[in-house]
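K.L.:
These protein sequence lines map, in sequence, to chains U, B, P and R. The opening residue of the first sequence carries number 318 in the numbering used here; numbering runs sequentially from there. The opening residue of the second sequence carries number 318 in the numbering used here; numbering runs sequentially from there. The opening residue of the third sequence carries number 57 in the numbering used here; numbering runs sequentially from there. The opening residue of the fourth sequence carries number 57 in the numbering used here; numbering runs sequentially from there. Just so it is clear, CB atoms sit at the ideal spot from N, CA and C, and this is done for glycine as well.
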Amino acid sequence: MHLKSISIKGFKSFPDRMNLVFSPGVSVIVGPNGCGKSNITDAVLWALGEQSPTTVRGSTMQDVIYNGGAGQKPRREAEVEVVLDATGSAAAEQFAEISIRRTLDRDGHGSYHLNGARCRLADVIETLADANLGGDMHSVIGQGKVESIVLSKPRERRLLVEEAA
Amino acid sequence: MHLKSISIKGFKSFPDRMNLVFSPGVSVIVGPNGCGKSNITDAVLWALGEQSPTTVRGSTMQDVIYNGGAGQKPRREAEVEVVLDATGSAAAEQFAEISIRRTLDRDGHGSYHLNGARCRLADVIETLADANLGGDMHSVIGQGKVESIVLSKPRERRLLVEEAA
Amino acid sequence: IRTLFEQTFDAAQDNFSELIEHLFPGGRGRLRLLEPTPKLVPVPMATAPDSDAPAAAPAAATEADEADPDEPGDDGAGIEIEVTPAGKASRRLSLLSGGEKSLVALAFVFSVFLARPSPFYILDEVEAALDDANIDRFLQLVRRFSDRAQFVVVTHQKRTMDAADVLYGVTMGSGGISKVISRRLPRSEQDPLEPTAAA
Amino acid sequence: IRTLFEQTFDAAQDNFSELIEHLFPGGRGRLRLLEPTPKLVPVPMATAPDSDAPAAAPAAATEADEADPDEPGDDGAGIEIEVTPAGKASRRLSLLSGGEKSLVALAFVFSVFLARPSPFYILDEVEAALDDANIDRFLQLVRRFSDRAQFVVVTHQKRTMDAADVLYGVTMGSGGISKVISRRLPRSEQDPLEPTAAA
Ligand SMILES: Nc1ncnc2c1ncn2[C@@H]1O[C@H](COP(=O)(O)OP(=O)(O)OP(=O)(O)O)[C@@H](O)[C@H]1O
Ligand SMILES: Nc1ncnc2c1ncn2[C@@H]1O[C@H](COP(=O)(O)OP(=O)(O)OP(=O)(O)O)[C@@H](O)[C@H]1O
Ligand SMILES: [Mg+2]
Ligand SMILES: [Mg+2]
């Protein structure tokens with residue numbers, strides 16, 4: 318299984334729909350400071366159910382909605398869809414692809430959709446667990462976070478392994 | 318006033334006496350990972366009275382004493398002396414140089430010396446305050462610490478300015 | 057008659073806006089002093105049972121909430137930082153990128169330095185999150201200010217070496233023993249890090 | 057019959073030691089599983105008034121103290137990391153340098169990955185504290201493992217670009233709008249990042 322594509326609209330520095338297609342192997346995202354690289358990392362975390370605004374650098378979750386810029390109005394809603402290519406995976410009994418889409422508007426109303434059908438966060442979490450993408454998204458290391466593994470308590474590292482197992 | 322020299326013995330990766338002379342202007346300390354650059358930063362902080370072992374990456378203060386290596390025994394004491402060139406400074410009424418030396422042994426016994434005379438930590442702090450080197454050593458930014466200024470609360474930044482003032 | 061803090065803060069405020077213009081070309085920023093607000097102490101009052109207006113809410117409530125919504129005990133006195141990079145809308149500092157945050161922090165440190173210099177500054181890997189263009193902007197400031205204070209910059213990056221008057225090379229030898237050799241670098245009249253215009 | 061956790065941990069343990077040998081040439085490291093220790097609950101006992109031995113101290117006390125001296129409530133179950141770079145004596149992890157800590161963290165993440173891979177990994181600027189030689193060692197691992205999982209590496213460093221199969225260039229345009237263009241990179245048979253010996 319691998320990340321197949323991501324579609325970002327109204328999220329952080331992506332006000333208009335932006336589609337990115339990924340391949341297996343090594344993808345490298347480059348660019349100068351502040352251009353939007355970590356915003357892509359945040360978009361994946363967010364679509365896959367991140368509950369804490371601070372993990373995506375906001376103080377409320379609405380902070381992730383595109384807030385406007387020179388000659389651009391703020392958007393009223395953020396939407397991110399992540400498509401996983403599930404061929405050959407245990408999770409792919411029914412589908413060759415798993416699509417997870419999340420939305421949030423300025424009033425704080427949001428939704429999750431699994432393969433186009435509205436669902437709850439719990440359904441997304443369960444689907445991800447089957448795909449070996451654990452609740453803590455330990456497979457995503459955010460900017461500035463790599464040393465925390467060394468500074469963390471022994472108990473926290475054990476949780477990381479238990480979740481992967 | 319500027320940092321004139323530093324003498325490190327038995328501290329972290331400097332088991333034998335090592336003297337470094339500094340000049341005004343810009344000094345750049347380079348080298349590969351783990352070679353001892355930040356240990357020099359820690360030595361200055363420590364000599365100038367740092368009280369928290371975690372600020373110098375230890376869990377007890379004795380962690381800063383050279384702990385041995387291939388073919389080398391641990392040392393029993395750490396000593397760092399910082400010499401400030403005080404010419405033209407208000408602090409230099411009596412001396413052209415201010416020497417601050419700190420020691421610590423494995424039993425946790427330590428000492429401070431100001432211009433060769435034994436003194437207390439409070440005397441070091443007072444001397445540094447006269448030299449506009451505040452209690453929090455806000456003029457030293459440790460590795461990985463630069464972003465904390467942005468993440469800190471407004472009240473903490475105020476303290477930084479109050480201390481400088 | 058103003059306190060020493062107010063004088064220092066006023067100078068830092070002017071410096072900060074200028075430094076942000078240098079580090080974020082086309083951007084702008086400022087420091088704001090939040091005045092202490094009276095603590096909101098709940099006072100038992102004879103209010104109608106269905107009233108839900110907070111009993112002890114003076115006009116300054118909003119600002120105290122903004123100052124530190126997470127800590128009702130905070131009296132709100134502090135320095136707030138606002139930065140808007142070029143072409144972007146002003147928003148929470150926390151949303152800035154890693155490199156942008158480093159630049160804002162350095163602008164703050166330098167703005168206080170210019171108001172009240174310490175004799176020396178030790179900066180350990182402060183440019184780790186900066187791309188090459190921003191490292192150059194940062195090093196220009198270090199060179200520019202090196203007549204007012206001594207700077208000791210610790211780095212593993214080659215680009216930063218070019219800013220040195222004196223270079224200290226550290227190596228780790230057997231036994232885990234660090235060794236240091238130093239070398240003075242000639243600085244040419246035409247310094248790529250120092251703009252010809254008076255800075 | 058071993059639990060899934062124990063199987064995963066055993067595999068991670070072997071992987072970790074091997075990875076540390078790759079990332080710290082001449083060094084060694086291991087993961088240790090700390091067994092849960094019975095909580096030390098003070099029990100009132102009829103002891104002599106001048107006895108100062110703790111009343112409820114089973115033999116495991118020392119280990120519980122070592123496991124987490126700051127938190128007497130900790131039952132001590134956890135994974136401890138020990139790493140000794142070449143020529144140095146084993147000591148606290150906290151004393152390691154910034155770059156060394158990053159390498160240890162990456163070794164841990166990869167050792168768990170090899171035991172139980174997730175489908176993809178997103179690594180955002182994880183090499184920021186690494187010097188060039190260590191960046192290369194890290195990228196060799198990413199290339200080596202890219203047949204077992206998909207890696208998305210976010211960076212502002214040019215060196216890391218050389219490890220890509222596909223490159224995504226991001227730029228910020230007017231209005232604070234990010235734009236992305238992608239380009240597949242041909243990887244030659246002779247890959248400088250992939251040692252010719254079977255890895
Ligand atoms: N809700 C939002 N609306 C508009 N712009 C936003 C929003 N949230 C964040 N941004 C902008 O995105 C930018 C940060 O982008 P990002 O963190 O992806 O940069 P980066 O490419 O990772 O840079 P670096 O190399 O410095 O880490 C900031 O300038 C910020 O203003
Ligand atoms: N008490 C001690 N005795 C012996 N060696 C020590 C002691 N404390 C720290 N060290 C060693 O010093 C090394 C760290 O040095 P330092 O942090 O100065 O590296 P650095 O040059 O800053 O590297 P980086 O570029 O990765 O930040 C570690 O390998 C550590 O083992
Ligand atoms: Mg980033
Ligand atoms: Mg360092």
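Can you tell me where the alpha helix (DSSP H) holding P/M228 begins and where it ends?
P.N.:
Residue numbering aside, residue 228 of chain P sits at position 172 when the third sequence is read from its first letter. That residue, P/M228, is in no alpha helix (DSSP H); its beta strand (DSSP E) goes V222 to G229.
K.L.:
Hey, quick one: how far does the alpha helix (DSSP H) through P/L159 stretch, first residue to last?
P.N.:
On the third sequence, position 103 is the one that residue 159 of chain P refers to. Counting along the chain, the alpha helix (DSSP H) containing P/L159 begins and ends at G154 to A171.
K.L.:
For U/S369, does the count of other Cβ atoms within 10 angstroms reach 16, so buried, or fall short, so exposed?
P.N.:
Taking the first sequence and counting its residues from 1, one reaches residue 369 of chain U at position 52. By the neighbour-count rule (16 or more Cβ atoms within 10 Å), U/S369 is not buried but exposed.
K.L.:
Going by DSSP in three states, U/T420 sits in which element: helix, strand or coil?
P.N.:
Residue 420 of chain U sits at position 103 when you count from the first residue of the first sequence. Three-state DSSP puts U/T420 in a strand.
K.L.:
Given 7 Å as the limit, tell me if U/S355 has its C-beta closer than that to any heavy atom belonging to ligand 3.
P.N.:
Counted from its first residue, the first sequence places residue 355 of chain U at position 38. Indeed, a heavy atom of ligand 3 lies less than 7 Å from the Cβ.
K.L.:
So B/A403 packs on B/M318, CB below 8 Å; how close in whole Å?
P.N.:
In the second sequence, the residue the question calls residue 403 of chain B occupies position 86. In the second sequence, the residue the question calls residue 318 of chain B occupies position 1. At roughly 5 Å, the Cβ-Cβ gap stays under 8 Å, so B/A403 and B/M318 are in contact.
K.L.:
Throw me the rounded Cβ distance for the P/S202 and P/Y224 pair, which I believe falls under 8 Å.
P.N.:
Position 146 of the third sequence, counting from 1, holds the residue named residue 202 of chain P. Position 168 of the third sequence, counting from 1, holds the residue named residue 224 of chain P. That belief does not hold up - the Cβ atoms of P/S202 and P/Y224 are roughly 16 Å apart, past 8 Å.
K.L.:
For R/A220, which residues in the same chain have their Cβ closer than 7 Å to its Cβ, ignoring the five residues on either side in sequence?
P.N.:
Reading the fourth sequence from its first residue, position 164 is the one you call residue 220 of chain R. L241.
K.L.:
How far does the beta strand (DSSP E) with U/N336 in it reach, from first residue to last?
P.N.:
Taking the first residue of the first sequence as 1, we reach residue 336 of chain U at position 19. Start and end: M335 to V338.
K.L.:
Report back the beta-carbon spacing between R/G154 and B/S355 to the nearest angstrom; my notes put them in contact at under 8 Å.
P.N.:
Working through the fourth sequence from its first residue, we reach residue 154 of chain R at position 98. Working through the second sequence from its first residue, we reach residue 355 of chain B at position 38. Going by Cβ atoms, the distance from R/G154 to B/S355 rounds to 7 Å, so yes, they are a contact pair.
K.L.:
Quick one: measure Cβ to Cβ for P/R215 and P/D188, integer angstroms, because I've assumed they're closer than 8 Å.
P.N.:
The residue labelled residue 215 of chain P in the question sits at position 159 within the third sequence. The residue labelled residue 188 of chain P in the question sits at position 132 within the third sequence. About 6 Å separates the two Cβ atoms, so the contact holds.
K.L.:
What separation, rounded to the nearest whole angstrom, lies between the Cα atoms of U/R418 and U/M335?
P.N.:
Along the first sequence, read from residue 1 onward, the residue named residue 418 of chain U stands at position 101. Along the first sequence, read from residue 1 onward, the residue named residue 335 of chain U stands at position 18. Taking the straight line joining both Cα atoms gives about 14 Å.
K.L.:
Do B/T377 and B/L362 have their beta-carbon atoms positioned less than 8 Å apart in this structure?
P.N.:
As a first step, residue 362 of chain B must be located in the second sequence, where it is residue number 45. As a first step, residue 377 of chain B must be located in the second sequence, where it is residue number 60. Their beta carbons are not under 8 Å apart, which means B/L362 does not touch B/T377 by this criterion.
K.L.:
Could you work out which residues of chain B lie near P/F176, taking near to mean beta carbons separated by less than 7 Å?
P.N.:
Here residue 176 of chain P corresponds to residue number 120 of the third sequence, with the count starting at 1. Contacts between P/F176 and chain B, judged by CB atoms closer than 7 Å, involve H319, L320 and S456 in chain order.
K.L.:
Using beta-carbon positions only, say whether U/G348 and R/G232 come within less than 8 Å of one another.
P.N.:
Sequence index remark: in the first sequence, residue 348 of chain U carries index 31 (1-based). Sequence index remark: in the fourth sequence, residue 232 of chain R carries index 176 (1-based). Not in contact: U/G348 and R/G232 (Cβ atoms no closer than 8 Å).
K.L.:
B/A481 to B/V399, Cα distance in whole Å?
P.N.:
Working through the second sequence from its first residue, we reach residue 481 of chain B at position 164. Working through the second sequence from its first residue, we reach residue 399 of chain B at position 82. Using only the alpha carbons, I get a separation of about 21 Å.
K.L.:
So B/I442 and B/G452 are supposed to be a Cβ contact under 8 Å. How far apart are they, rounded?
P.N.:
Walking along the second sequence from the start, residue 442 of chain B turns up at place 125. Walking along the second sequence from the start, residue 452 of chain B turns up at place 135. Indeed, because the Cβ distance is near 6 Å, the residues count as touching under 8 Å.
K.L.:
Given 8 Å as the limit, is there contact between the region 61-75 of chain P and the region 175-183 of chain P, that is, 3 or more CB pairs closer than that?
P.N.:
no
K.L.:
Whose Cβ in chain U lies nearer than 7 Å to the Cβ of R/H78?
P.N.:
Within the fourth sequence, residue 78 of chain R is the residue found at index 22, counting from 1. Chain U residues near R/H78: none, gap ~17 Å exceeds 7 Å.
K.L.:
Can the beta-carbon of P/F166 be found less than 8 Å from the beta-carbon of P/L186?
P.N.:
As a working note, residue 166 of chain P is residue 110 in the third sequence. As a working note, residue 186 of chain P is residue 130 in the third sequence. No, the Cβ-Cβ distance between P/F166 and P/L186 is not below 8 Å.
K.L.:
Which residues bound the alpha helix (DSSP H) around U/F503?
P.N.:
With chain U represented from 318 up to 482, any question about residue 503 of chain U goes unanswered, as that position is not in the structure.
K.L.:
By a C-beta neighbour count over all protein chains shown, 10 Å radius and 16 as the cutoff for buried, is P/Q213 buried or exposed?
P.N.:
Here residue 213 of chain P refers to the residue found at position 157 of the third sequence. Burial call: buried.
K.L.:
Could you give the first and the last residue of the continuous alpha helix (DSSP H) run that contains B/I357?
P.N.:
The residue given as residue 357 of chain B occupies position 40 in the second sequence. Segment K354 to A364, the alpha helix (DSSP H) holding B/I357.
K.L.:
Within the same chain, show all residues whose beta-carbon is closer than 6 Å to that of P/R193, passing over the 5 residues directly before and after it, in chain order.
P.N.:
Mapped onto the third sequence, residue 193 of chain P falls at position 137. L79.
K.L.:
If you measure from the beta carbon of R/E181 to each beta carbon in chain P, is any gap under 8 Å?
P.N.:
As a first step, residue 181 of chain R must be located in the fourth sequence, where it is residue number 125. With 8 Å as the cut-off, R/E181 counts as an interface residue toward chain P.
K.L.:
Leaving out five residues on either side along the sequence, give the residues of the same chain with a beta carbon under 7 Å from the beta carbon of B/P332.
P.N.:
Taking the second sequence and counting its residues from 1, the one referred to as residue 332 of chain B is at position 15. Once the five neighbours on either side are set aside, the close Cβ partners of B/P332 are Y383, Q389 and R392.
K.L.:
Taking only the alpha-carbon atoms, compute the straight-line gap between B/L468 and P/E74 and give it to the nearest angstrom.
P.N.:
Counting from 1 along the second sequence, the entry for residue 468 of chain B is found at position 151. Counting from 1 along the third sequence, the entry for residue 74 of chain P is found at position 18. A straight-line Cα-Cα distance of about 22 Å links B/L468 and P/E74.
K.L.:
Where does R/P114 fall in DSSP's three states?
P.N.:
As a working mapping, residue 114 of chain R is identified with position 58 in the fourth sequence. Caution applies to R/P114, whose pLDDT of 36 falls short of 50 and renders its modelled position unreliable; the value that the coordinates give is listed next. R/P114 falls in the coil class under three-state DSSP.
K.L.:
Please report whether the beta-carbon of P/L75 lies at a distance below 8 Å from any beta-carbon of chain U.
P.N.:
Counting from one through the third sequence, the residue named residue 75 of chain P turns up at place 19. No, P/L75 lies away from the interface with chain U (no Cβ there is under 8 Å from its Cβ).
K.L.:
Beta carbon of R/S153: closer than 7 Å to some heavy atom of ligand 2?
P.N.:
Taking the first residue of the fourth sequence as position 1, residue 153 of chain R is located at position 97. Answer for R/S153: yes, Cβ within range of ligand 2.
K.L.:
Is any beta-carbon of chain P found at less than 8 Å from that of B/F339?
P.N.:
Locating residue 339 of chain B in the second sequence gives position 22, counting from the first residue. By this cut-off, B/F339 is an interface position.
K.L.:
Please list the terminal residues of the continuous beta strand (DSSP E) segment that includes U/V345.
P.N.:
Within the first sequence, residue 345 of chain U is the residue found at index 28, counting from 1. That run of the beta strand (DSSP E) goes V343 to V347.
K.L.:
List the whole-angstrom C-beta distance separating B/G268 from B/Q379, where the pair is believed to meet the contact cut-off of C-beta under 8 Å.
P.N.:
Outside the shown range of chain B, which is 318 to 482, sits residue 268 of chain B, and nothing can be said about it.
K.L.:
Please report the straight-line C-alpha distance between R/F207 and P/V226, rounded to a whole angstrom.
P.N.:
Here residue 207 of chain R refers to the residue found at position 151 of the fourth sequence. Here residue 226 of chain P refers to the residue found at position 170 of the third sequence. When rounded, the distance between both Cα atoms is 34 Å.
K.L.:
Check each residue of the region 416-430 of chain B: if its Cβ is closer than 8 Å to any Cβ of chain R, include it; give the result in chain order.
P.N.:
none
K.L.:
Flag B/Y383 as yes when its Cβ comes closer than 7 Å to any non-hydrogen atom of ligand 2, and as no otherwise.
P.N.:
In the second sequence, counting from the first residue as 1, residue 383 of chain B sits at position 66. Yes.
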